[in-house]
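Engineer: For the sequence shown, the residue numbers in the numbering used here are 23 to 394.
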Amino acid sequence: MFSGVYMHIPFCRSRCSYCDFATDVYKNGEAVDRYVSALAKEIENFSAEKTIDTIYFGGGTPSLLAPKQLEKIFDSVRKNFSVTENSEITMEMNPATVALETLKAYKSLGVNRASFGAQTFDDTELKRLGRRHTAADVRETIELLRKADFENVSFDLIAGLPRQTLEDWERNLDEALKLKPEHLSLYLLEIHEATPLAEQIRSGRQPSPDENLAAEMYELMLEKVSAKGYEQYEISNFCLPNFQSKHNSKYWTLDAVFGFGCSAHSFDGKNKRWANERDTLKYVELVEKTHSPIVQTDKIAAASEFVFLGLRLTKGIDLQIYKNRFEVDLRKQYAEDLQRLAEFGLIEFDENCLKLTEKGMIYSNEVFAVFV
Ligand code: SF4
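What follows is the structure, encoded as structure tokens:
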């Protein structure tokens with residue numbers, strides 16, 4: 023199994039009300055140039071001699087990078103890693119940030135998968151979320167990507183937005199499916215403490231999320247996407263046959279992913295994780311002064327992570343692999359908990375496999391808590 027590389031690009035045109043990612047408001051190309059130089063330097067300082075088959079540009083809004091900046095990053099990746107010929111190379115984008123010429127340039131540099139945040143097809147909801155694009159921009163982005171020959175396109179939608187009804191959600195799903203992306207990420211809204219949206223809910227300006235409605239939305243989503251030929255392979259991820267995200271799958275199967283840039287996390291595929299400085303400027307200064315940007319290193323509790331990450335996948339976890347890897351029979355180790363979760367209808371298992379049921383996917387946090 024080959025490794026993956028993640029690169030964090032922490033710039034956005036503005037900040038969305040629900041966002042808690044490490045990202046700054048884009049000021050000028052110079053700040054981005056400085057960041058790109060630091061990123062390239064960090065990659066070149068990393069001596070792993072690994073073969074990789076996925077590269078992922080996440081953010082932030084990586085599509086704010088000029089092709090020249092992207093090229094510089096690619097050069098450093100290719101100098102330091104052996105990149106397989108058919109690697110999956112994904113770039114996250116935001117609608118209304120990309121022109122056709124830029125997309126063509128990204129494609130010629132090797133990007134072959136695009137993933138962007140549509141979030142909703144309702145312009146009022148988009149405004150409420152602080153998104154800068156409209157539903158028309160989403161449709162145009164897909165059109166531009168197709169014109170630039172992108173054959174692997176994914177976008178995200180969020181269910182359970184404040185004031186969103188089941189009918190609104192159904193309209194969103196219909197709109198999304200009309201665009202025929204190869205991959206869809208459909209998330210239930212999560213409220214993060216330090217965000218403007220959390221404050222709006224605390225002060226009563228927005229209603230609190232309704233768990234029962236969210237469960238209905240989840241069920242409707244499973245029904246509608248499978249009727250159009252999408253298979254679910256993870257709690258929130260759906261694709262046409264053979265279009266699973268290879269990169270994201272590495273996180274769920276505990277394969278090695280090396281992260282670069284501020285706030286990036288890495289895992290060596292065995293038992294070591296490390297995380298970079300979150301603040302953009304501090305990260306840049308550390309790398310410029312030839313200091314390590316790593317601020318945290320952990321030995322992971324590999325067995326429990328193997329379980330709760332693997333359970334995100336619809337195929338669940340292979341109990342034989344668990345036994346070989348950790349030398350213990352999981353069904354005996356967690357006998358009482360498994361019995362209880364099965365009685366609640368949240369999991370199902372036999373001697374080979376343990377997986378979440380459809381209900382378990384809705385209440386997955388309750389299941390994961392058992393293994394943390
Ligand atoms: S575009 Fe994405 S990363 Fe940027 S502020 Fe909005 S949610 Fe956060």
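Yeah, the Cβ is synthetic: ideal placement off N, Cα and C, and Gly gets one too. Fair warning: this is a prediction, and the values are worked out from it, not measured in the lab.
Quick one: what's got a C-beta closer than 7 Å to S288's C-beta in the same chain, skipping five residues either side?
Structural biologist: Taking the first residue of the sequence shown as 1, we reach residue 288 at position 266. Short of 7 Å from the beta carbon of S288, and not among the five residues preceding or following it, lie these beta carbons of its own chain, in chain order: V279, F280, G281, R295, W296.
Engineer: Per the DSSP calculation, L376 is bridged to which residue(s)?
Structural biologist: The count along the sequence shown starts at 1 and reaches residue 376 at position 354. L376 is bridged to I339, F371.
Engineer: By alpha-carbon positions, which one of L363, V394, F348, L341 ends up nearest to D372?
Structural biologist: Counted from its first residue, the sequence shown places residue 372 at position 350. Out of L363, V394, F348, L341, L341 has the C-alpha closest to the C-alpha of D372.
Engineer: Report the partner residues of T73 according to the DSSP bridge assignment.
Structural biologist: As a working mapping, residue 73 is identified with position 51 in the sequence shown. T73 pairs with S104.
Engineer: Just verifying my parser: in three-state terms, what is the DSSP assignment at D290?
Structural biologist: Locating residue 290 in the sequence shown gives position 268, where the first residue counts as 1. Coil, per DSSP.
Engineer: Just to confirm before moving on: does the CB-CB distance between T269 and T146 stay below 7 Å?
Structural biologist: Here residue 269 is taken as the residue at index 247 of the sequence shown, counted from 1. Here residue 146 is taken as the residue at index 124 of the sequence shown, counted from 1. In the sequence on display, residue 269 carries His and not Thr. Against a cut-off of 7 Å, the Cβ pair of T146 and H269 comes out as no contact.
Engineer: Tell me which residues share the same chain as K129 and place their Cβ nearer than 7 Å to its Cβ, disregarding the 5 neighbours each side in the sequence.
Structural biologist: What you label residue 129 is simply residue 107 of the sequence shown in a count that begins at 1. Excluding residues within five positions, the ones whose Cβ falls inside 7 Å are A170, D171, F172.
Engineer: What residue ranges within the region 133-210 form continuous beta strand (DSSP E) runs of no fewer than 3 residues, ordered along the chain?
Structural biologist: 135-141, 175-181, 205-210
Engineer: Determine, using beta carbons only, whether E307 and C284 come nearer to each other than 7 Å.
Structural biologist: As a working note, residue 307 is residue 285 in the sequence shown. As a working note, residue 284 is residue 262 in the sequence shown. E307 is not a Cβ neighbour of C284, given a cutoff of 7 Å.
Engineer: CA-CA distance, I343 and G367?
Structural biologist: Translated into the one-based positions of the sequence shown, residue 343 becomes position 321. Translated into the one-based positions of the sequence shown, residue 367 becomes position 345. Whole-angstrom Cα-Cα distance: 24 Å.
Engineer: Looking at the structure shown, is D42 part of a helix, part of a strand, or coil, going by DSSP?
Structural biologist: As a working note, residue 42 is residue 20 in the sequence shown. Three-state DSSP puts D42 in coil, outside helix and strand.
Engineer: According to DSSP, what are the bridge partners of C14?
Structural biologist: A question about residue 14 goes unanswered here, because the residues of the chain that appear run from 23 up to 394.
Engineer: Give me the Cα-Cα distance between N259 and L208, rounded to the nearest whole angstrom.
Structural biologist: Numbered from its first residue, the sequence shown carries residue 259 at position 237. Numbered from its first residue, the sequence shown carries residue 208 at position 186. Taking the straight line from one Cα to the other gives about 6 Å.
Engineer: Assign Y385 to one of three DSSP states: helix, strand, or coil.
Structural biologist: As a first step, residue 385 must be located in the sequence shown, where it is residue number 363. The three-state secondary structure of Y385, taken from DSSP, is coil.
Engineer: Does the Cβ of Q318 have 16 or more other Cβ atoms within 10 Å, making it buried, or fewer, making it exposed?
Structural biologist: Here residue 318 corresponds to residue number 296 of the sequence shown, with the count starting at 1. Exposed is the call here.
Engineer: Tell me the DSSP secondary structure of G80 in three-state form.
Structural biologist: The residue you call residue 80 lines up with position 58 of the sequence shown. Strand at G80.
Engineer: Could you check if N116 belongs to the surroundings of the ligand SF4, using beta carbon to heavy atom distance under 6 Å?
Structural biologist: Position 94 of the sequence shown, counted from the first residue, corresponds to residue 116. At least one heavy atom of the ligand SF4 is nearer than 6 Å to the Cβ of N116, so yes.
Engineer: Within the chosen definition, does the region 37-50 reach the region 137-155 through at least 3 CB pairs nearer than 8 Å?
Structural biologist: yes
Engineer: I'd like the list of long-range same chain contacts for K250, defined as Cβ closer than 6 Å, with 5 residues on each side in sequence excluded.
Structural biologist: To locate residue 250, count along the sequence shown from 1; it is residue 228. Once the five neighbours on either side are set aside, the close Cβ partners of K250 are L199.
Engineer: Out of D277, D351, V350, which has the shortest C-alpha to C-alpha gap to I74?
Structural biologist: Sequence index remark: in the sequence shown, residue 74 carries index 52 (1-based). Comparing Cα-Cα distances from I74 to each of D277, D351, V350, the minimum goes to D277.
Engineer: What whole-angstrom Cβ distance do V99 and V27 have, given they're in contact under 8 Å?
Structural biologist: As a first step, residue 99 is located in the sequence shown; it is residue number 77 there, counting from the start. As a first step, residue 27 is located in the sequence shown; it is residue number 5 there, counting from the start. About 6 Å; that satisfies the 8 Å criterion.
Engineer: Evaluate A323 with the Cβ neighbour count: other Cβ atoms within 10 Å of its Cβ, from every protein chain shown; 16 or more gives buried, anything less gives exposed.
Structural biologist: Your numbering for residue 323 matches position 301 in the sequence shown. Exposed: under 16 other Cβ atoms inside 10 Å.
Engineer: Do Y48 and L86 have their C-beta atoms within less than 7 Å of each other?
Structural biologist: Translated into the one-based positions of the sequence shown, residue 48 becomes position 26. Translated into the one-based positions of the sequence shown, residue 86 becomes position 64. It is a contact, given that the beta carbons lie within the stated cut-off.
Engineer: Indicate, with yes or no, if the ligand SF4 has a heavy atom lying under 6 Å from the CB of R224.
Structural biologist: Locating residue 224 in the sequence shown gives position 202, where the first residue counts as 1. Closer than 6 Å to some heavy atom of the ligand SF4: that does not describe the Cβ of R224.
Engineer: Please look up how many angstroms separate the CB atoms of Y240 and L210, rounded, as I've assumed it's under 8 Å.
Structural biologist: Here the question's residue 240 lines up with position 218 in the sequence shown. Here the question's residue 210 lines up with position 188 in the sequence shown. At roughly 7 Å, the Cβ-Cβ gap stays under 8 Å, so Y240 and L210 are in contact.
Engineer: How close, in whole Å, do the beta carbons of F330 and F393 come, if the pair is a contact with beta carbons under 8 Å?
Structural biologist: Here residue 330 refers to the residue found at position 308 when the sequence shown is read from its first residue. Here residue 393 refers to the residue found at position 371 when the sequence shown is read from its first residue. About 5 Å separates the two Cβ atoms, so the contact holds.
Engineer: Could you please give me the residues that DSSP links to E256 through a beta bridge?
Structural biologist: Locating residue 256 in the sequence shown gives position 234, counting from the first residue. DSSP output for E256 lists N259, L335 as bridge partner(s).
Engineer: By the DSSP assignment, the beta strand (DSSP E) with V279 in it spans what residues?
Structural biologist: Here the question's residue 279 lines up with position 257 in the sequence shown. Taken as a continuous stretch (DSSP letters only), the beta strand (DSSP E) holding V279 covers 279-282.
Engineer: Give a single yes or no on whether T45 has its beta carbon closer than 6 Å to a heavy atom of the ligand SF4.
Structural biologist: Counting from one through the sequence shown, the residue named residue 45 turns up at place 23. Checking every heavy atom of the ligand SF4 against the Cβ of T45, one is found closer than 6 Å.
Engineer: To the nearest angstrom, how far is the alpha carbon of K321 from that of E212?
Structural biologist: Taking the first residue of the sequence shown as 1, we reach residue 321 at position 299. Taking the first residue of the sequence shown as 1, we reach residue 212 at position 190. Their backbone Cα atoms lie some 28 Å apart in a straight line.
Engineer: Let me know if A158 comes out buried or exposed under the rule of 16 or more other beta-carbons within 10 Å of its beta-carbon.
Structural biologist: Here residue 158 refers to the residue found at position 136 when the sequence shown is read from its first residue. It counts as exposed.
Engineer: Specify whether the region 122-140 and the region 103-112 touch according to this definition: at least 3 beta carbon pairs, one from each stretch, less than 8 Å apart.
Structural biologist: yes
Engineer: According to DSSP, simplified to helix, strand and coil, what is S225?
Structural biologist: By one-based count along the sequence shown, residue 225 stands at place 203. S225: coil per DSSP, three-state reduction.
Engineer: DSSP three-state label for R347, please.
Structural biologist: Mapped onto the sequence shown, residue 347 falls at position 325. Three-state result, R347: helix.
Engineer: Can you list, in chain order, the residues of its chain with a C-beta nearer than 7 Å to that of D178? Leave out the 5 residues immediately preceding and following it.
Structural biologist: Taking the first residue of the sequence shown as 1, we reach residue 178 at position 156. Only G139, A140, Q141, S207, Y209 meet the Cβ criterion.
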